[in-house]
Structure formats: structure tokens, C-alpha cells
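**Student:**
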Amino acid sequence: MSARTRDALSGRAAIVGVGATEFSKDSGRSELRLAVEAVRAALDDAGLTPGDVDGMVTFTMDTSPEITVAQACGMGELSFFSRVHYGGGAACATIQQAALAIATGVADVVVCYRAFNERSGRRFGSGVQHREPSAEGVALGWSLPFGLLTPASWVAMAAQRYLHTYGLTPEAFGHVAVMDRKYAATNPAAYFHGRPITLADHAASRWIVEPLRLLDCCQETDGGQALVVTSVERARDLPHPPAVIAAAAQGAGRGQEQMTSFYRDDLAGLPETAVVARQLWRTAGLGPGEIDLGILYDHFTPFVLMQLEEFGFCAKGEAGDFVAEERLPLNTHGGQLGEAYLHGMNGIAEGVRQVRGTSVNQIPGAERVLVTAGTGVPTSGLVLATDV
Amino acid sequence: MSDELDGRLKVYEGRPAAVASRGKDPVNAPMIRHWCEAMGDTNPAYSGPDAIAPPTMLQAWTMGGLSGHTARTGAYDELLGLLDEAGYTSVVATDCEQEYLRPLRPGDEITFDAVIEAVSERKATKLGAGYFVTTRMDVRIGTDLAGTHRFRILKYAPAPRRTKPPRPRPVVNGDNAGFWEGVRRRALLIQRCIGCGALRHPWLPGCNACGGLEWDTVEASGEGTVYSYVVMHHPPFPAFDPPYAVGLIELAEGVRMIGNVVGVPYDKVRIGLPVRLEFQDCDEELVLPVWRAQEAQGIQEAQGIQEAPQTQEAQEARKIQQTQKPQPPRGMTSGAEATARRVTSGTAKRMKPGDELPPLKIPITRTLIVAGAIASRDYQDVHHDPELAREKGSPDVFMNILTTNGLVGRYLTDHLGPTTVLRRVAIRLGAPNYPGDTMVLTGTVEEVTDDTATVRVVGANGIGRHVTGTVTVTVPTATAPAGGVA
Chain A
6 MSARTRDALS
16 GRAAIVGVGA
26 TEFSKDSGRS
36 ELRLAVEAVR
46 AALDDAGLTP
56 GDVDGMVTFT
66 MDTSPEITVA
76 QACGMGELSF
86 FSRVHYGGGA
96 ACATIQQAAL
106 AIATGVADVV
116 VCYRAFNERS
126 GRRFGSGVQH
136 REPSAEGVAL
146 GWSLPFGLLT
156 PASWVAMAAQ
166 RYLHTYGLTP
176 EAFGHVAVMD
186 RKYAATNPAA
196 YFHGRPITLA
206 DHAASRWIVE
216 PLRLLDCCQE
226 TDGGQALVVT
236 SVERARDLPH
246 PPAVIAAAAQ
256 GAGRGQEQMT
266 SFYRDDLAGL
276 PETAVVARQL
286 WRTAGLGPGE
296 IDLGILYDHF
306 TPFVLMQLEE
316 FGFCAKGEAG
326 DFVAEERLPL
336 NTHGGQLGEA
346 YLHGMNGIAE
356 GVRQVRGTSV
366 NQIPGAERVL
376 VTAGTGVPTS
386 GLVLATDV
Chain B
27 MSDELDGRLK
37 VYEGRPAAVA
47 SRGKDPVNAP
57 MIRHWCEAMG
67 DTNPAYSGPD
77 AIAPPTMLQA
87 WTMGGLSGHT
97 ARTGAYDELL
107 GLLDEAGYTS
117 VVATDCEQEY
127 LRPLRPGDEI
137 TFDAVIEAVS
147 ERKATKLGAG
157 YFVTTRMDVR
167 IGTDLAGTHR
177 FRILKYAPAP
187 RRTKPPRPRP
197 VVNGDNAGFW
207 EGVRRRALLI
217 QRCIGCGALR
227 HPWLPGCNAC
237 GGLEWDTVEA
247 SGEGTVYSYV
257 VMHHPPFPAF
267 DPPYAVGLIE
277 LAEGVRMIGN
287 VVGVPYDKVR
297 IGLPVRLEFQ
307 DCDEELVLPV
317 WRAQEAQGIQ
327 EAQGIQEAPQ
337 TQEAQEARKI
347 QQTQKPQPPR
357 GMTSGAEATA
367 RRVTSGTAKR
377 MKPGDELPPL
387 KIPITRTLIV
397 AGAIASRDYQ
407 DVHHDPELAR
417 EKGSPDVFMN
427 ILTTNGLVGR
437 YLTDHLGPTT
447 VLRRVAIRLG
457 APNYPGDTMV
467 LTGTVEEVTD
477 DTATVRVVGA
487 NGIGRHVTGT
497 VTVTVPTATA
507 PAGGVA
């Protein structure tokens, strides 16, 4: 229904706790341990105990089951557990799942988490050369024999078409990298703390998959991030100002694939993001002009530009200039290029900090924050807002 | 072991490779004509009553030909024999440096002396470990020195051919098996909904347009264009050699599919490039559809970022225009085109450092490779026999250095005119010229003194730089053609 009408989720739940491990290239401990540490930190931040939790949500890609994390965290009975599919596209949808459970009374306190050793363990960037003959395997299998094997290559195919359609050069992507690294430079938690870059650095970085250079690609990271969601009423009794979930949405387009949506009409845009945008604006009762900052999923720079266009912040093909002119604060934690690649969950945490007023790169008066999830896949998004 | 061999080889340095040897034939018009035909060199200076031989033929007059060398000294044969015995059985020419002191004319009888100038230490190369042997030859007519020729070969032990792992397999199940069965019998099948007639790819059990489950297939015409593409650089995958291009092809029927674009270097793939279907046997089990770029014309059109369908008349008109007024392929000059000062048929005096010569595109056909080898009296099997070439670790026959030298000479005289005098050509070979490839020669003026210029020349093919080098030319002012820089 909500693809067509305003939904009833706005203002029902809030994010009340955020917690993370350090972000590193080699955590030296298990993914489960990272998950447990992040969840405990988020509960501490929320002023809640493991005994308060009755719901858990994570990604289908996560290797640490809800029940195992619960067991190792000192939690008891769970009445709600759910996982969301499609890689980083799940990020904001974990919060949506939590909010749905809370709004319907299925759970009181839900923890959303994602933890992995994505750098020292299984690196997504190292590509795929084999898949089992499931429907998903077959979908990706159309590309494999031809050597189109990596996430960067799947994004690059759309990026090339984007440049062609709007007569741009790869410099358009460079603006995103420069912006992310600028904020990372002043964020002590960021891997690239103290290391800003210039457009020239971007242009000089080596090709990964043309038209994408090294500095267009996010980092690979070991770490964990968790967030605690409860009702807005309960949130008001907790230590931090609540980050109210003004809207939450998932989206998939017609002819949607996972990273390989090459066969549908438009390769220079992100139709699934348009589906999310339509729902978020309608449910939150807001438009792009009323957003104070955006945390836009940035595994690869080109999709940041397409997201800005799909959300209506600027016209098609103009997002490079939009970013270069800093018309809207974006990715103030440094993004996944600058801070860490935590499958978008660290971006939600930054959105919460901005609403609380506690970001290291605080945007004065930030009251409404747009947060998005993995792109090029079925995706999701949130509008977080201060309590009214 | 190799240290000991190094020592035994070193003693040959300074020893003669040829003493007072005679050319097997006098300089003669038929060999000149064969050479010019092979090189595509139409320079009028090489025909007619006052003909001179193309200076780059210098080495050809000293070659042993099919019957072999009779002029070599024992020292040179011993040196090569030692290397053969030690397992360095293959040979490839790597460098050629020639100075031309006076022209050779039909009737001239040449003699030559050569010395083994240097034998390198054992070197690891891409082809395998080996030794570089440099000889220096003086070519005379009577007592007059006509030219010098420094030549470097690599005698090497062919590295065991890296057995490439097979490409990733297609992922096949009951829903898409029909597609891959079609490919195996060399038919590219597109699914068609029986309910609404919509064509679809990828294969699915039902139709996204109407939800119908009944389907059949139509065979693709094989025509398509590049809708988007990427160039893979990193990380490397053992089954592929980066950089390589992967295209998203829009078929004439309207569906798209991923595939490799062939017949064009990876950096010349462009959106809009017309392509045609072929099937490639990748290994014993795998046939893949691949897409062959449709000629340079397609590249030019794609460069112009024009995707509006061209009428056949427009295409014909364009072809005629191209025949009448040859133009360098745009892809070769993009960027530099707007700013480069073009050298057309000017004199050295009018040249300035930084000037660029228009590119010359040379399709590397099997015929060119073999004709060039024979015209230069080079009967090494790797230049004419694919089977023996493969036995020696090469994927196919490849162009010999004398042909490359001849083409580089032609490149300069084509653009500077028949009065141009080649003084010196020094080239180094890199990526081999295999059949089916295209080499594009480009040149940049480096230095100009009076009527003499040094031009840096690069010949790039689909796998890299085939040749790099410098050419020194004199364009006599007195006889310079009237036409200036266009």
C-alpha cells in the first residue's frame, strides 16, 4: 500500500542508542564478538540493559544470528527477530523493521546490528567467480563468464552510461570523494582521520574499473555497528534526545536486479531510490528543501550523485555541481569512503548524532536528516527528526 | 651455473661476427619493389630511373635468405650454439639502430663487417630468461661506408606457457538452460512471451510485461551497439588479462546483454559503437557470444556521441568521403587534436618541437606479416608458420623487426614528402604485432636543427606499444615542396 499512499509509521518509534566497535582493517576477533561489542555499546548509550531487549534485526548477509548475539549479550526471550536481504540495501530497512514491530506492539526494544571482518576476512571487492544455480546465482551468472566480476564493475557500467548521458567526465565523481574525505579528516573515528584529499588526488588515483578510480571506491572495513529502537514515548525517558523515525521505506524498481540492473530502461538513474524517495517525502510530509543534511550511501561515488537526483535535490546530471558547491551538507562522518564501510549502519548512527547535536562535524540546527542505504540493489531510507 | 655460462659468453665480446662478407644480390629494383609493395610505401624516390633503395632496407641486403647465412664467422655461430646448448633456443629481435650515410642504388654491390659488440648477463624477460646479443655492422660499397646497423637479439629459453585457468562458468539451471544450449550451437536466443509478444533478457520463467508464463524464442540477428561498457583493471583474475573491456550490448531487437567487445583495443570501446555477434570457443566446454566492433567508422561515429540511427545513404556518403580524404581515426587524436600543430607536408624548418604527425593506422594482416618477412629475406618460421610459432610459445605468427623498421621509415616519408632523407632510425620492439591487430603509428617532433629533425615515434597495438623509437630526417630546404603546413 505504501508505494501508493502515506503510511502510518511516522513518529511512532525512535533511535535511542548507537554503539560501534573501532573501525579497522584487521579487528583480530570474530565477527560475532564484534556484533556483541557493538550491541552492548549501543545499549549502554541508550541507557538500557540486555534484559530490556525483545527484538533483533540484522542483514541476511550477517554471519552472527540474532539468537547467538542475544545469547552472548545476556539477553533473554525474544518476541521479534528479522533479517533483511540485498546487502547494504538492508541498512535503513532494519530500522524500518524495528519501527514496524514497535508500532504494532510486537516488540518494545529492538536492536539492529551489522558486524563483519570485511577487510581481514571475506572481502567483497575481491569479486565473484562462481555461483550456485539458484535464481540469484543465475541472475549474476549472466555477467561472470565475460569477466564482469566485482561490485565496482557492476556500478561502473551504470556510471559510464551516466557520464555519457549527461556529457560529464569522471571528475563529477571526484567531488563526492573530496567531500567525504573532508569530513573524515575531522572525525577521529574515521579511518582517514586527518587525511583529506583534493580533486587532483582523485584524478591521479589508479583505475579500478573505468570510469571508477581507487578514490571512487569505499574502504573495506572490519567492525560492528548497532542501533537501539524503541517507542517515542519510552524514548523520552532515556538519556539522549530521541532521533524520531519520521519516515522509513524500502524500494525496488521494475526489472530490479541485485547490482546488475542492466536490462531495464534507465541505466543513468536509480529507480529503486525513486521508490524510496516518494514514500519518505509523503510519509514525513517533507520535501528535499526541508532536509538539513543527508547521509547518502556511498560504496561508490557515482550512486551518491544519482541518489541526489532521484530525491529531487537537483536536476538529473547536475548532482556533481550540487556536491562541488556544497549546497547541502552530506556524509558528515566522512561516509564509507572516509569513515568506514559498515554496510550503511554507521551512516544511520551519524544521522542520530546529528539529530542529537553531538556529531564531531555538527551541522548547526540539524533537525531533519535523510539517511539512505545500499544502492544498485533493492534499497531503503529513513528520515530522522528531532522530537517535536 | 649461469654465472659460469655468463663468463663463457663474455669472451665473445669484440669478436667478429662477419668479415668482408658480400651481399647475396646487388641492390636491385625487383627487391625494392617487393619491399615497397609489402610496406605499402609509394614514395616515388624508390622507383624510376633515379631510384634509390628505401634506406630502411639496409639490413635486408645483408640477409642470408632461405639458403641461410654463408658469411657468418665461426665466433658468431659458436656463441649462438653455446646458447642453444644451454637451452636458450629461441630468438627474437629487440632493437635496431641504423644510420644511413649514403643512398644505395640498383647495381650497388655491398660488403659488410660485423662485430659482436656486447653479450648481456642473464636477464629475466617476459618471454623467458635469456641473453641479449648486440652486433654492430658496417655496410660498405667498395670502400665507402654506406650505413651502420646495430642489432640486438634476445636468445631465450621460452618460459613455460602460463596455463590460464578457464573463465568463470555461466550459471545454468532449468530456467536459462535454453539460452546456453543455443549458444553452444551458435544461436543467440531471445525469449519471447507468447501472451504479449514482448522480448526479454535475462531469461525468466514469466513475462514482466504481462505475467504470462508461455514463451518461445527468437534468434537474434546479431546486430547491436554498445550501450555501456567498463574497463577492468583491478583486482586481477587469473582467467583474464587486465585491462580488458566488458560491454553492455543493446541488440537490434531491443534487449541488452553483457558481453566482451572484440576487434578493437580495450581503450577504444565507446558507447554507440556498432558491433556484430560472433561466437568464441573459450575452451573445450565453453562457447561464448562476443561482439565484434564494426570497423573504424563505427569508432568515429561513437566518438561523436551520436546515437541517432544513421541512414544507409548517410553511411555510404561518409564512406565515400573517407576514401577521398583519408582522415586519421578520431580516437587516436582525441584531446591532442584541438591543440596539436599538425605536420603535413612541410619542411624541417617549419617543424617545431612538440608538433605531432597525423597518426597512421596499419591493419596487421597475416599477408602483411608474411610479405614483410619475405621482402626482407627473413625466413624465421615464427614470421610465416603459425604452427611452428605456437610450438615456440607464441600464439601466432608475428611481424619481424625489419618490417617494423620499414613501416616506421614509411611513416616519416609519407608525411614529409619524397625529398625527405632518412638519416637514422632507432627502434625498440615491445608488444608483438599479431594478425588481426591494428597498429597506430604516432609521431612527435622532439628536436629541430637547421633542416634536420628528430621525431619520436610510437606504434601502439591492441596489447600495448609495439615499437618506440626515434627517427632523424633531413628535409633539404632547396628542394622542399612548395606546399606549407596545411
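Taken in order, these protein sequences are the chains called A and B. Residue 353 in the working numbering sits at position 348 of the first sequence, and the numbers go up by one each step. Residue 309 in the working numbering sits at position 283 of the second sequence, and the numbers go up by one each step. Quick reminder that beta carbons are idealized off the backbone N, C-alpha and C, glycines included.
1) How is B/F177 classed by DSSP in three states: helix, strand or coil?
2) For A/D113, which residues does DSSP report across the bridge?
3) Expressed to the nearest angstrom, what Euclidean distance is found between the alpha-carbon atoms of B/W87 and B/D51?
4) Indicate whether at least one CB of chain B lies closer than 8 Å to the CB of A/I368.
5) If we define contact as Cβ-Cβ less than 8 Å, is B/P291 a contact residue for chain D?
6) With a threshold of 7 Å (Cβ to nearest heavy atom), would A/G325 be considered close to the ligand COA?
7) In chain order, what residues of the same chain have a beta carbon less than 8 Å from the beta carbon of B/I78, not counting five sequence neighbours either side?
8) With A/S69 and A/A120 assumed to form a contact (beta carbons below 8 Å), what rounded beta-carbon distance in angstroms separates them?
9) Compute the Euclidean distance between the alpha carbons of B/Y126 and B/L386, then round it to the nearest angstrom.
10) Between B/P352 and chain A, is there a C-beta pair that is closer than 8 Å?
11) Enumerate, from N- to C-terminal direction, the unbroken beta strand (DSSP E) stretches of 3 or more residues contained entirely within the region 408-493 of chain B.
12) Between B/Y182 and B/T151, how many whole angstroms is the CB-CB distance? I'm expecting something under 8 Å.
13) Do A/G258 and A/P276 count as a contact pair if the criterion is CB distance below 8 Å?
14) Spell out whether any CB of chain B is found under 8 Å from the CB atom of A/P138.
15) Within its chain, find whatever has a CB closer than 6 Å to the CB of A/H338; leave out the 5 residues flanking it on each side and keep chain order.
16) Is the Cβ-Cβ distance between A/L217 and A/D206 less than 8 Å?
17) Closer than 7 Å, Cβ to any Cβ of chain A: which residues of the region 257-276 of chain B, in chain order?
18) Could you confirm whether any beta carbon from chain A is found closer than 8 Å to the beta carbon of B/I216?
19) Spell out the partners DSSP gives A/C222 in its beta bridges.
20) Check the Cβ-Cβ distances between B/G285 and every residue of chain A, and say whether any is below 8 Å.
21) Counting C-beta neighbours from all protein chains within 10 Å, is the total for A/S131 16 or more, i.e. buried, or is it exposed?
22) Just grab the DSSP bridge partners of B/G200 for me.
23) What is the C-beta distance between A/L145 and B/V197, in whole angstroms, given that I count them as a contact (C-beta under 8 Å)?
24) Is DSSP giving A/I353 helix, strand or coil here?
25) Would A/R259 pass as an interface residue toward chain B - the criterion being a Cβ-Cβ separation below 8 Å?
26) Is there contact between the region 102-113 of chain B and the region 397-416 of chain B, where contact requires at least three CB pairs shorter than 8 Å?
27) Using beta carbons (cut-off 8 Å, strictly below), is B/R282 in contact with chain A?
28) For A/V133, which residues of its own chain have a beta-carbon under 8 Å away from its beta-carbon, when the five flanking residues on both sides are left out?
29) Return helix, strand or coil for B/M163, following the three-state DSSP convention.
30) Closer than 8 Å, CB to CB, is A/I213 near chain B or not?
31) Suppose you measure from the CA of A/K30 to the CA of A/A98; what does that come to, to the nearest Å?
32) Does the count of Cβ pairs from the region 65-80 of chain A and the region 361-376 of chain A closer than 8 Å reach three?
33) With distances taken Cα to Cα, identify the nearest neighbour of B/G443 among B/T468, B/L180, B/I427, B/P502.
34) Name the DSSP beta bridge partners of B/R195, please?
35) To the nearest angstrom, how far is it from the Cα of A/M61 to the Cα of A/A51?
36) Look at the alpha carbon of A/V357 and the alpha carbon of A/T384, and state the distance between them as a whole number of angstroms.
**Tutor:** Taking the coordinates as given:
1) Mapped onto the second sequence, residue 177 of chain B falls at position 151. In the three-state reduction of the DSSP assignment, B/F177 falls in the strand class, which pools E and B.
2) Taking the first residue of the first sequence as position 1, residue 113 of chain A is located at position 108. A/D113 has no beta-bridge partner at all, per DSSP.
3) Here residue 87 of chain B corresponds to residue number 61 of the second sequence, with the count starting at 1. Here residue 51 of chain B corresponds to residue number 25 of the second sequence, with the count starting at 1. Their backbone Cα atoms lie some 7 Å apart in a straight line.
4) Here residue 368 of chain A is taken as the residue at index 363 of the first sequence, counted from 1. No, A/I368 does not count as interfacial toward chain B.
5) Annotation note: the requested chain D is absent from the structure, which comprises protein chains A and B.
6) By its list of ligands, the structure shown contains no ligand whatsoever, and the ligand COA lies outside what it can speak to.
7) Translated into positions along the second sequence, residue 78 of chain B becomes position 52. The residues are A71, Y72, P129, L130, R131.
8) Looking up residue 69 of chain A in the first sequence gives position 64. Looking up residue 120 of chain A in the first sequence gives position 115. The beta carbons of A/S69 and A/A120 sit about 6 Å from each other, so the pair counts as a contact at 8 Å.
9) If you number the second sequence from 1, residue 126 of chain B lands on position 100. If you number the second sequence from 1, residue 386 of chain B lands on position 360. Looking at the backbone, the Cα of B/Y126 and that of B/L386 are separated by about 24 Å.
10) Numbered from 1 along the second sequence, position 326 holds the residue referred to as residue 352 of chain B. Because the pLDDT at B/P352 is just 38, under 50, the model does not fix this residue reliably, and the point stays unresolved.
11) Complete beta strand (DSSP E) runs here, min 3: 447-455, 464-475, 478-487.
12) Reading the second sequence from its first residue, position 156 is the one you call residue 182 of chain B. Reading the second sequence from its first residue, position 125 is the one you call residue 151 of chain B. A Cβ-Cβ distance of about 6 Å is found for the pair B/Y182 and B/T151, placing them in contact under the 8 Å criterion.
13) Here the question's residue 276 of chain A lines up with position 271 in the first sequence. Here the question's residue 258 of chain A lines up with position 253 in the first sequence. Yes; because the gap between Cβ atoms is below 8 Å, this pair is in contact.
14) Reading the first sequence from its first residue, position 133 is the one you call residue 138 of chain A. By this cut-off, A/P138 is an interface position.
15) To locate residue 338 of chain A, count along the first sequence from 1; it is residue 333. For A/H338, where only same-chain residues beyond five positions count, the Cβ hits under 6 Å are N192, E344, E355.
16) In the first sequence, counting from the first residue as 1, residue 217 of chain A sits at position 212. In the first sequence, counting from the first residue as 1, residue 206 of chain A sits at position 201. Their beta carbons are not under 8 Å apart, which means A/L217 does not touch A/D206 by this criterion.
17) Across the region 257-276 of chain B, CB contacts with chain A closer than 7 Å involve V257, M258, H259, H260, P261, F263, F266, Y270, V272, L274, in sequence order along the chain.
18) Locating residue 216 of chain B in the second sequence gives position 190, counting from the first residue. No, because no Cβ of chain A sits closer than 8 Å to the Cβ of B/I216.
19) The count along the first sequence starts at 1 and reaches residue 222 of chain A at position 217. In DSSP, A/C222 forms a bridge with A/F305.
20) The residue given as residue 285 of chain B occupies position 259 in the second sequence. Taking CB atoms only, B/G285 has a neighbour in chain A less than 8 Å away.
21) As a first step, residue 131 of chain A must be located in the first sequence, where it is residue number 126. Per the 10 Å Cβ criterion, exposed.
22) Along the second sequence, one-based indexing puts residue 200 of chain B at 174. In the DSSP assignment, B/G200 is bridged to no other residue.
23) On the first sequence, position 140 is the one that residue 145 of chain A refers to. On the second sequence, position 171 is the one that residue 197 of chain B refers to. Sure, about 7 Å apart at Cβ, within 8 Å.
24) The sequence position of residue 353 of chain A within the first sequence is 348, counting from 1. Shown here, A/I353 sits in a helix according to DSSP, grouped into three states.
25) As a first step, residue 259 of chain A must be located in the first sequence, where it is residue number 254. Among the residues facing chain B, A/R259 is included, as its CB has a counterpart in that chain under 8 Å away.
26) No, because fewer than three Cβ pairs between the region 102-113 of chain B and the region 397-416 of chain B fall closer than 8 Å, the two stretches do not touch.
27) In the second sequence, residue 282 of chain B corresponds to position 256, counting from 1. At least one chain A Cβ lies under 8 Å of B/R282.
28) The residue labelled residue 133 of chain A in the question sits at position 128 within the first sequence. L145, L149, L154, T155.
29) Within the second sequence, residue 163 of chain B is the residue found at index 137, counting from 1. Note: B/M163 maps to strand in three-state DSSP.
30) Stepping through the first sequence from its first residue, residue 213 of chain A is reached at position 208. It does; some Cβ of chain B falls within 8 Å.
31) Locating residue 30 of chain A in the first sequence gives position 25, where the first residue counts as 1. Locating residue 98 of chain A in the first sequence gives position 93, where the first residue counts as 1. So the two alpha carbons sit approximately 26 Å from each other.
32) No, the region 65-80 of chain A is not in contact with the region 361-376 of chain A.
33) Residue numbering aside, residue 443 of chain B sits at position 417 when the second sequence is read from its first letter. Nearest of B/T468, B/L180, B/I427, B/P502 to B/G443, Cα basis: B/P502.
34) By one-based count along the second sequence, residue 195 of chain B stands at place 169. The bridge partners DSSP lists for B/R195 come to none.
35) Here residue 61 of chain A refers to the residue found at position 56 of the first sequence. Here residue 51 of chain A refers to the residue found at position 46 of the first sequence. Each residue's alpha carbon lies about 15 Å from the other.
36) Here residue 357 of chain A is taken as the residue at index 352 of the first sequence, counted from 1. Here residue 384 of chain A is taken as the residue at index 379 of the first sequence, counted from 1. Cα to Cα, A/V357 sits roughly 20 Å from A/T384.
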